[in-house]
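Comments concern the structure below.
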Amino acid sequence: MTNQITSVSPSRPQGFTSGRELINAVVARRLEAEDARGLFASVDKTLPDASALDGDRIEGVKVLWISPGRAARDETVFRHALATAHRLREADQRMTDAKIIDAYEYAYNVAQAVGADHRSSEMPPQRDRQTMARRVRGYVLSGSKTSRGSAFTGATAGVSARERKALSTMGRKGGKKAAQRWNDRNSTYAQNELNKLAKANQQRARKGRVSAREIANFFDDAYLQTGTYPTLKQASSELKVSEKTV
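So the sequence shown is numbered by our numbering: it starts at 272 and just counts up by one.
Structural data, given as structure tokens:
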């Protein structure tokens with residue numbers, strides 16, 4: 272062993288004396304690459320989920336803030352419902368009203384718990400929540416532009432102006448106004464709505480059962496969302512009819 276520093280000559284292109292030698296070298300490199308991918312995968316599993324590193328994500332909900340301690344409840348819950356619908360779509364699962372509304376209500380309760388800022392809970396009426404669920408499903412099916420990238424920016428950071436407009440029906444003023452209209456059951460508005468409800472009930476009573484068109488629409492809608500048709504058991508459960516009727 273000497274104290275002299277040995278110079279290293281630059282690497283030269285490797286030559287192969289035969290086709291078999293070249294094939295063996297390629298196979299060896301492929302095995303090395305597979306080993307490297309396996310190592311990277313094992314390291315990746317030990318890393319925390321990106322969503323867990325998001326400081327504004329609480330109990331799985333990315334809470335948006337108007338000011339410190341005051342959550343933007345309407346926009347927070349709408350984005351969470353939209354992100355949930357996208358995940359259902361990507362997982363080839365049906366985007367039912369119930370699943371979207373459950374996500375909305377869960378996010379609202381989280382936002383209210385951490386950012387109420389002395390505001391009382393103002394959960395919108397069930398009718399408005401159903402309207403929201405239909406709009407969210409429509410946005411996802413129409414390929415509405417949303418950001419599905421980094422979990423640090425949220426799954427729906429690119430909410431469009433049209434989507435923001437839907438928040439108007441979910442806000443505090445809209446919910447209070449709808450409730451005030453029903454304070455006087457003898458008002459023109461209340462009487463008109465009650466008449467509409469009575470006519471709808473009469474029409475449903477005359478029909479007496481789910482029509483063939485409704486059953487066909489259910490199957491078409493399920494196929495459009497998931498790429499597969501539901502089973503008879505699933506259809507009968509969703510439509511509240513017997514499998515024989517389906």
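C-beta atoms are modelled at their ideal positions from N, C-alpha and C, and glycine is treated no differently.
Assign residue i to one of three DSSP states: helix, strand, or coil.
i	result
Lys-515	coil
Arg-390	coil
Arg-341	strand
Val-334	coil
Ser-421	In this prediction, Ser-421 scores a pLDDT of 36, lower than 50, which makes its location untrustworthy; no coordinate-derived value is stated.
Arg-484	helix
Arg-456	coil
Arg-328	strand
Ala-323	Because the pLDDT of Ala-323 is 48, which lies under 50, any placement of that residue in the model is unreliable, and the question is left without a value.
Arg-350	helix
Arg-301	helix
Thr-367	coil
Work out the CA separation of residue j and residue i for me, nearest whole Å.
i	j	result
Ala-426	Arg-341	Note that Ala-426 has pLDDT 38, beneath the 50 cutoff, so the model's placement of it is unreliable and the number below is only indicative. Computed Cα separation, rounded: 22 Å.
Asp-492	Arg-405	13 Å
Thr-347	Arg-328	11 Å
Ala-356	Glu-305	36 Å
Ile-518	Gly-331	Here the chain has residues from 272 to 517 only, and residue 518 is not among them.
Arg-408	Thr-497	13 Å
Asp-455	Arg-360	43 Å
Ala-382	Arg-344	6 Å
Ser-458	Met-403	27 Å
Val-512	Gln-462	32 Å
Tyr-494	Asn-380	33 Å
Glu-514	Gln-451	43 Å
Lys-467	Gln-473	10 Å
Ser-392	Arg-301	59 Å
Ala-469	Tyr-375	30 Å
Arg-398	Phe-349	15 Å
Ser-338	Met-394	21 Å
Report back the beta-carbon spacing between residue i and residue j to the nearest angstrom; my notes put them in contact at under 8 Å.
i	j	result
Val-385	Val-334	6 Å
Ala-352	Ala-369	Going by Cβ atoms, the distance from Ala-352 to Ala-369 rounds to 12 Å, so no, they are not a contact pair.
Ile-486	Leu-510	7 Å
Phe-489	Ala-506	6 Å
Between which two residues does the alpha helix (DSSP H) harbouring residue i extend?
i	result
Ser-508	503-510
Tyr-500	Looking at the DSSP string, Tyr-500 is not in any alpha helix (DSSP H), and its letter there is neither H nor E.
Asp-399	397-412
Which partner residues does residue i have in the DSSP bridge list?
i	result
Arg-360	None, per the DSSP bridge assignment.
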